[in-house]
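In case it helps, our numbering puts the sequence shown at residues 20 to 309. Note that the Cβ used here is the ideal one computed from N, Cα and C, for glycine as well. Before any comments, here is the structure.
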Amino acid sequence: MSRDIVVPGGALKRAAPGFADIDWSRPWFAQVAARGMRWQQAASRSAVDQLREMNADAASTVQTTGRGKRLAFIPQEDLPPDTAYEAHIAATGCVPTRHNLHDFFNALMWFQYPRIKAALSARGSAAVDALGVGPTRGGMRDALTLFDENAVLFACAERELCTALRSFDWKTLFIDNRAAWGERCEVRCFGHALLEKLVTPYKACTGHAWIVDVPFAYFSWTRAVRDAFLDEKVARALIEGSEFSGKMFAPLPVLGIPGWWAENEKPSFYDDAAVFRSGRRSGVTPDGKI
(Lines of atoms letter the chains of each structure in order from A and count residues from 1; the text may use other names and numbers.)
(Lines give C-alpha, C1' and ligand atoms only; values in the text may rest on other atoms or scores of the structure.)
Protein backbone atom coordinates (compact mmCIF):
# COMPACT_ATOMS: atom_id res chain seq x y z
CA MET A 1 0.00 0.00 0.00
CA SER A 2 1.04 3.64 -0.34
CA ARG A 3 3.26 5.02 2.39
CA ASP A 4 2.63 7.99 4.65
CA ILE A 5 5.36 10.63 4.68
CA VAL A 6 5.92 13.53 7.03
CA VAL A 7 5.85 17.00 5.45
CA PRO A 8 7.07 20.25 7.01
CA GLY A 9 5.02 21.03 10.08
CA GLY A 10 4.68 17.39 11.05
CA ALA A 11 1.59 16.63 8.96
CA LEU A 12 1.15 13.30 7.24
CA LYS A 13 0.75 13.15 3.51
CA ARG A 14 -0.01 10.13 1.38
CA ALA A 15 3.00 9.32 -0.81
CA ALA A 16 2.48 8.53 -4.46
CA PRO A 17 2.31 4.79 -5.09
CA GLY A 18 5.46 3.17 -6.36
CA PHE A 19 6.60 -0.11 -7.83
CA ALA A 20 6.55 -1.85 -4.44
CA ASP A 21 2.83 -1.07 -4.08
CA ILE A 22 1.68 -3.22 -7.00
CA ASP A 23 -0.42 -6.15 -5.77
CA TRP A 24 -0.20 -8.67 -8.58
CA SER A 25 -2.97 -10.79 -7.06
CA ARG A 26 -5.54 -8.17 -8.09
CA PRO A 27 -7.68 -9.45 -10.98
CA TRP A 28 -7.01 -6.40 -13.15
CA PHE A 29 -3.27 -7.18 -13.11
CA ALA A 30 -3.59 -10.92 -13.77
CA GLN A 31 -3.04 -10.58 -17.51
CA VAL A 32 0.40 -8.96 -17.08
CA ALA A 33 1.52 -10.38 -13.74
CA ALA A 34 4.22 -12.78 -14.97
CA ARG A 35 6.17 -10.20 -16.97
CA GLY A 36 5.21 -7.40 -14.60
CA MET A 37 6.74 -9.02 -11.55
CA ARG A 38 10.03 -9.52 -13.37
CA TRP A 39 10.06 -5.92 -14.57
CA GLN A 40 9.08 -4.73 -11.11
CA GLN A 41 12.23 -6.26 -9.64
CA ALA A 42 14.35 -4.51 -12.24
CA ALA A 43 12.56 -1.18 -11.78
CA SER A 44 13.08 -1.35 -8.02
CA ARG A 45 16.83 -1.40 -8.65
CA SER A 46 17.14 1.49 -11.12
CA ALA A 47 15.77 3.13 -14.25
CA VAL A 48 18.67 1.65 -16.21
CA ASP A 49 17.78 -1.86 -15.08
CA GLN A 50 14.12 -1.28 -15.92
CA LEU A 51 14.95 -0.27 -19.50
CA ARG A 52 17.42 -3.12 -19.85
CA GLU A 53 14.75 -5.66 -18.86
CA MET A 54 12.16 -4.12 -21.19
CA ASN A 55 14.57 -4.07 -24.11
CA ALA A 56 15.66 -7.65 -23.49
CA ASP A 57 12.03 -8.69 -23.94
CA ALA A 58 11.68 -6.51 -27.03
CA ALA A 59 14.81 -8.04 -28.55
CA SER A 60 13.49 -11.56 -28.02
CA THR A 61 10.32 -10.88 -30.05
CA VAL A 62 9.46 -9.57 -33.49
CA GLN A 63 7.36 -6.84 -31.94
CA THR A 64 7.02 -3.73 -34.12
CA THR A 65 5.33 -0.35 -33.77
CA GLY A 66 2.76 1.35 -35.99
CA ARG A 67 4.96 1.73 -39.09
CA GLY A 68 6.82 -1.53 -38.80
CA LYS A 69 9.80 -0.26 -36.79
CA ARG A 70 11.30 -2.65 -34.26
CA LEU A 71 10.08 -1.89 -30.74
CA ALA A 72 12.56 -0.49 -28.21
CA PHE A 73 12.43 1.65 -25.07
CA ILE A 74 14.56 4.72 -24.49
CA PRO A 75 14.90 7.25 -21.65
CA GLN A 76 12.38 10.08 -21.86
CA GLU A 77 15.21 12.61 -22.12
CA ASP A 78 16.28 11.05 -25.43
CA LEU A 79 13.10 12.34 -27.09
CA PRO A 80 14.34 15.19 -29.31
CA PRO A 81 12.98 18.67 -28.50
CA ASP A 82 9.87 19.74 -30.41
CA THR A 83 9.19 16.17 -31.50
CA ALA A 84 5.74 14.67 -30.96
CA TYR A 85 5.75 11.47 -28.89
CA GLU A 86 3.64 9.58 -31.47
CA ALA A 87 5.76 10.77 -34.38
CA HIS A 88 8.98 9.68 -32.71
CA ILE A 89 7.65 6.17 -32.06
CA ALA A 90 6.41 5.91 -35.64
CA ALA A 91 9.71 7.08 -37.12
CA THR A 92 12.10 5.13 -34.88
CA GLY A 93 10.20 2.39 -33.03
CA CYS A 94 11.63 3.81 -29.80
CA VAL A 95 9.16 4.50 -26.97
CA PRO A 96 10.30 7.29 -24.59
CA THR A 97 9.96 5.85 -21.09
CA ARG A 98 10.19 7.37 -17.63
CA HIS A 99 10.98 5.51 -14.42
CA ASN A 100 7.43 5.58 -13.08
CA LEU A 101 4.29 3.46 -12.88
CA HIS A 102 2.58 5.25 -15.76
CA ASP A 103 5.22 4.36 -18.33
CA PHE A 104 5.81 0.95 -16.73
CA PHE A 105 2.22 -0.09 -17.49
CA ASN A 106 2.40 1.53 -20.92
CA ALA A 107 5.34 -0.69 -21.79
CA LEU A 108 3.54 -3.78 -20.49
CA MET A 109 0.67 -3.10 -22.88
CA TRP A 110 3.08 -3.10 -25.84
CA PHE A 111 3.60 -6.79 -25.09
CA GLN A 112 0.10 -7.70 -23.96
CA TYR A 113 -1.74 -6.12 -26.90
CA PRO A 114 0.94 -5.35 -29.49
CA ARG A 115 -1.41 -4.97 -32.45
CA ILE A 116 -3.68 -2.52 -30.62
CA LYS A 117 -0.72 -0.44 -29.47
CA ALA A 118 0.70 -0.42 -33.00
CA ALA A 119 -2.69 0.59 -34.43
CA LEU A 120 -3.01 3.46 -31.95
CA SER A 121 0.52 4.56 -32.78
CA ALA A 122 -0.16 4.44 -36.52
CA ARG A 123 -3.36 6.48 -36.28
CA GLY A 124 -1.80 8.94 -33.86
CA SER A 125 1.24 9.55 -36.04
CA ALA A 126 -1.00 9.89 -39.12
CA ALA A 127 -3.00 12.57 -37.31
CA VAL A 128 0.21 14.42 -36.48
CA ASP A 129 1.32 14.17 -40.13
CA ALA A 130 -2.01 15.55 -41.31
CA LEU A 131 -2.56 18.32 -38.77
CA GLY A 132 0.84 18.97 -37.24
CA VAL A 133 1.45 19.62 -33.56
CA GLY A 134 -0.65 22.60 -32.55
CA PRO A 135 -1.85 24.14 -29.29
CA THR A 136 -4.72 21.62 -29.19
CA ARG A 137 -4.62 17.92 -29.99
CA GLY A 138 -7.88 17.70 -31.95
CA GLY A 139 -10.75 15.25 -31.59
CA MET A 140 -9.02 12.30 -33.22
CA ARG A 141 -5.86 12.49 -31.11
CA ASP A 142 -7.92 13.10 -27.97
CA ALA A 143 -9.94 9.93 -28.62
CA LEU A 144 -6.79 7.92 -29.34
CA THR A 145 -5.24 9.18 -26.13
CA LEU A 146 -8.39 8.31 -24.19
CA PHE A 147 -8.21 4.76 -25.51
CA ASP A 148 -4.49 4.45 -24.79
CA GLU A 149 -4.74 5.89 -21.28
CA ASN A 150 -8.06 4.70 -19.90
CA ALA A 151 -9.72 2.02 -22.04
CA VAL A 152 -11.03 -1.35 -20.97
CA LEU A 153 -12.03 -4.01 -23.47
CA PHE A 154 -15.55 -5.27 -22.76
CA ALA A 155 -15.72 -8.65 -24.48
CA CYS A 156 -19.36 -9.67 -24.76
CA ALA A 157 -21.34 -12.41 -26.49
CA GLU A 158 -24.82 -11.20 -25.52
CA ARG A 159 -26.47 -8.07 -26.88
CA GLU A 160 -28.53 -7.46 -23.71
CA LEU A 161 -25.37 -6.95 -21.69
CA CYS A 162 -23.90 -4.54 -24.23
CA THR A 163 -27.15 -2.57 -24.18
CA ALA A 164 -27.13 -2.50 -20.37
CA LEU A 165 -23.61 -1.07 -20.35
CA ARG A 166 -24.40 1.64 -22.88
CA SER A 167 -27.62 2.52 -21.04
CA PHE A 168 -26.10 2.83 -17.56
CA ASP A 169 -28.33 -0.07 -16.51
CA TRP A 170 -26.11 -1.23 -13.67
CA LYS A 171 -28.75 -3.48 -12.11
CA THR A 172 -29.08 -5.53 -15.29
CA LEU A 173 -25.34 -5.61 -15.91
CA PHE A 174 -23.97 -6.25 -12.42
CA ILE A 175 -26.80 -7.72 -10.31
CA ASP A 176 -29.40 -9.48 -12.47
CA ASN A 177 -26.74 -10.96 -14.77
CA ARG A 178 -24.03 -11.51 -12.21
CA ALA A 179 -23.56 -15.11 -13.33
CA ALA A 180 -22.91 -13.93 -16.88
CA TRP A 181 -19.49 -12.55 -15.97
CA GLY A 182 -16.87 -14.99 -17.14
CA GLU A 183 -19.41 -16.89 -19.22
CA ARG A 184 -20.94 -14.25 -21.52
CA CYS A 185 -18.89 -11.14 -20.83
CA GLU A 186 -15.61 -10.06 -19.27
CA VAL A 187 -13.26 -7.08 -19.07
CA ARG A 188 -9.59 -6.62 -19.86
CA CYS A 189 -7.87 -3.45 -18.68
CA PHE A 190 -5.87 -1.76 -21.41
CA GLY A 191 -5.30 1.88 -20.45
CA HIS A 192 -2.00 2.34 -18.67
CA ALA A 193 -3.22 5.37 -16.70
CA LEU A 194 -6.15 3.28 -15.51
CA LEU A 195 -3.80 0.48 -14.42
CA GLU A 196 -1.70 3.05 -12.59
CA LYS A 197 -4.79 4.28 -10.71
CA LEU A 198 -5.70 0.70 -9.84
CA VAL A 199 -2.47 0.28 -7.88
CA THR A 200 -4.43 2.11 -5.17
CA PRO A 201 -8.02 1.37 -6.21
CA TYR A 202 -10.99 3.50 -5.24
CA LYS A 203 -14.70 3.05 -5.81
CA ALA A 204 -15.13 5.75 -8.43
CA CYS A 205 -12.29 4.45 -10.62
CA THR A 206 -13.87 4.32 -14.09
CA GLY A 207 -12.63 2.98 -17.39
CA HIS A 208 -13.82 3.83 -20.88
CA ALA A 209 -15.23 0.61 -22.27
CA TRP A 210 -14.68 -0.36 -25.89
CA ILE A 211 -17.25 -3.04 -26.67
CA VAL A 212 -15.97 -6.09 -28.53
CA ASP A 213 -18.46 -8.62 -29.90
CA VAL A 214 -17.14 -12.13 -29.30
CA PRO A 215 -18.61 -15.60 -30.00
CA PHE A 216 -19.91 -17.69 -27.10
CA ALA A 217 -17.03 -20.10 -27.75
CA TYR A 218 -14.64 -17.31 -26.71
CA PHE A 219 -15.29 -18.08 -23.05
CA SER A 220 -14.00 -21.64 -23.44
CA TRP A 221 -10.67 -20.46 -24.86
CA THR A 222 -7.50 -20.00 -22.81
CA ARG A 223 -6.63 -16.52 -21.59
CA ALA A 224 -3.80 -16.26 -24.11
CA VAL A 225 -6.06 -17.18 -27.04
CA ARG A 226 -8.72 -14.72 -25.88
CA ASP A 227 -6.19 -11.91 -25.58
CA ALA A 228 -4.81 -12.65 -29.05
CA PHE A 229 -8.36 -12.57 -30.47
CA LEU A 230 -9.08 -9.21 -28.81
CA ASP A 231 -5.75 -7.81 -29.94
CA GLU A 232 -6.37 -8.71 -33.57
CA LYS A 233 -10.03 -7.69 -33.71
CA VAL A 234 -9.69 -4.35 -31.95
CA ALA A 235 -6.55 -3.43 -33.89
CA ARG A 236 -8.33 -4.11 -37.16
CA ALA A 237 -11.27 -1.93 -36.08
CA LEU A 238 -8.91 0.89 -35.13
CA ILE A 239 -7.09 0.76 -38.46
CA GLU A 240 -10.10 0.24 -40.74
CA GLY A 241 -12.71 2.38 -38.99
CA SER A 242 -13.16 5.84 -40.44
CA GLU A 243 -15.04 7.22 -37.43
CA PHE A 244 -13.26 7.46 -34.12
CA SER A 245 -14.30 9.67 -31.23
CA GLY A 246 -14.77 9.65 -27.48
CA LYS A 247 -18.50 9.01 -28.01
CA MET A 248 -17.68 5.44 -28.96
CA PHE A 249 -16.83 4.52 -25.36
CA ALA A 250 -19.14 3.64 -22.48
CA PRO A 251 -18.12 4.50 -18.88
CA LEU A 252 -17.56 1.44 -16.69
CA PRO A 253 -16.83 1.71 -12.93
CA VAL A 254 -14.36 -1.14 -12.76
CA LEU A 255 -14.75 -2.01 -9.07
CA GLY A 256 -18.35 -2.93 -9.87
CA ILE A 257 -17.18 -5.91 -11.93
CA PRO A 258 -18.24 -9.13 -10.15
CA GLY A 259 -15.26 -10.89 -8.63
CA TRP A 260 -13.04 -7.81 -8.76
CA TRP A 261 -13.91 -6.20 -5.41
CA ALA A 262 -15.25 -7.91 -2.31
CA GLU A 263 -17.56 -5.05 -1.37
CA ASN A 264 -19.62 -5.40 -4.54
CA GLU A 265 -20.98 -8.74 -3.32
CA LYS A 266 -23.67 -6.65 -1.59
CA PRO A 267 -26.26 -5.20 -4.01
CA SER A 268 -26.24 -1.97 -1.98
CA PHE A 269 -22.72 -1.31 -3.31
CA TYR A 270 -24.35 -0.20 -6.57
CA ASP A 271 -26.70 2.28 -4.88
CA ASP A 272 -24.00 4.97 -4.91
CA ALA A 273 -25.39 7.28 -7.60
CA ALA A 274 -22.21 9.36 -7.62
CA VAL A 275 -20.36 6.34 -9.06
CA PHE A 276 -23.07 4.29 -10.76
CA ARG A 277 -24.73 7.19 -12.50
CA SER A 278 -28.05 7.03 -14.26
CA GLY A 279 -28.47 8.17 -17.82
CA ARG A 280 -28.77 7.02 -21.36
CA ARG A 281 -26.36 7.32 -24.21
CA SER A 282 -26.71 7.10 -27.96
CA GLY A 283 -24.14 6.40 -30.60
CA VAL A 284 -22.37 3.47 -32.14
CA THR A 285 -20.10 0.74 -30.95
CA PRO A 286 -16.67 0.33 -32.55
CA ASP A 287 -18.08 -2.11 -35.14
CA GLY A 288 -20.99 0.11 -36.01
CA LYS A 289 -23.86 -1.43 -34.02
CA ILE A 290 -26.40 0.82 -32.35
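- Taking C-beta separations shorter than 8 Å and ignoring five residues to either side along the sequence, the partners of Ser297 in its chain run Phe187, following chain order.
- The segment 129-148 makes no contact with the segment 227-242: fewer than 3 CB pairs, one atom from each, lie closer than 8 Å.
- Shown here, Leu217 sits in coil according to DSSP, grouped into three states, outside any helix or strand.
- Here Ile93 carries a strand assignment [DSSP, helix/strand/coil].
- In this structure, DSSP gives Arg71 a helical state, which the three-state scheme calls helix.
- Separation of Phe124 and Pro100 (C-alpha to C-alpha, rounded to the nearest whole angstrom) is 24 Å.
- Contact between Trp189 and Gly275 holds: CB atoms are separated by about 7 Å, below the 8 Å threshold.
- 8 Å or more divides the Cβ of Tyr289 from the Cβ of Phe173.
- With contacts defined as CB atoms closer than 8 Å, Lys222 and Asp291 qualify as a contacting pair.
- The C-alpha of Arg203 is placed about 35 Å away from the C-alpha of Leu90.
- DSSP places Leu180 in the uninterrupted alpha helix (DSSP H) bounded by 178-185.
- By the CB criterion at 8 Å, Val171 and Phe209 fall inside the cutoff.
- Trp47 and Ile41 have their C-alpha atoms roughly 11 Å apart.
- Out of Gly55, Leu214, Gly201, Trp58, the CA that lies nearest to the CA of Asn169 is found in Leu214.
- Distance from the CA of Asp167 to the CA of Trp279, rounded to the nearest whole angstrom, comes to 22 Å.
- The shortest CA-to-CA distance from Met159 to any of Pro286, Glu282, Trp43, Lys266 is the one to Lys266.
- For Phe130, the closest alpha carbon among the candidates Gly55, Cys175, Gly201, Thr191 is that of Gly55.
- Within the same chain, and ignoring the five residues on either side of Cys175 in sequence, the residues whose Cβ sits closer than 6 Å to its Cβ are Cys181, Cys204.
- In this chain, the alpha helix (DSSP H) harbouring Asp250 covers 242-259.
- In the structure shown, Ala174 falls within a strand segment according to DSSP collapsed to helix, strand and coil.
- Taking 8 Å as the cut-off, the Cβ atoms of Tyr104 and Pro115 count as close.
- DSSP, read as helix, strand or coil, puts His227 in strand.
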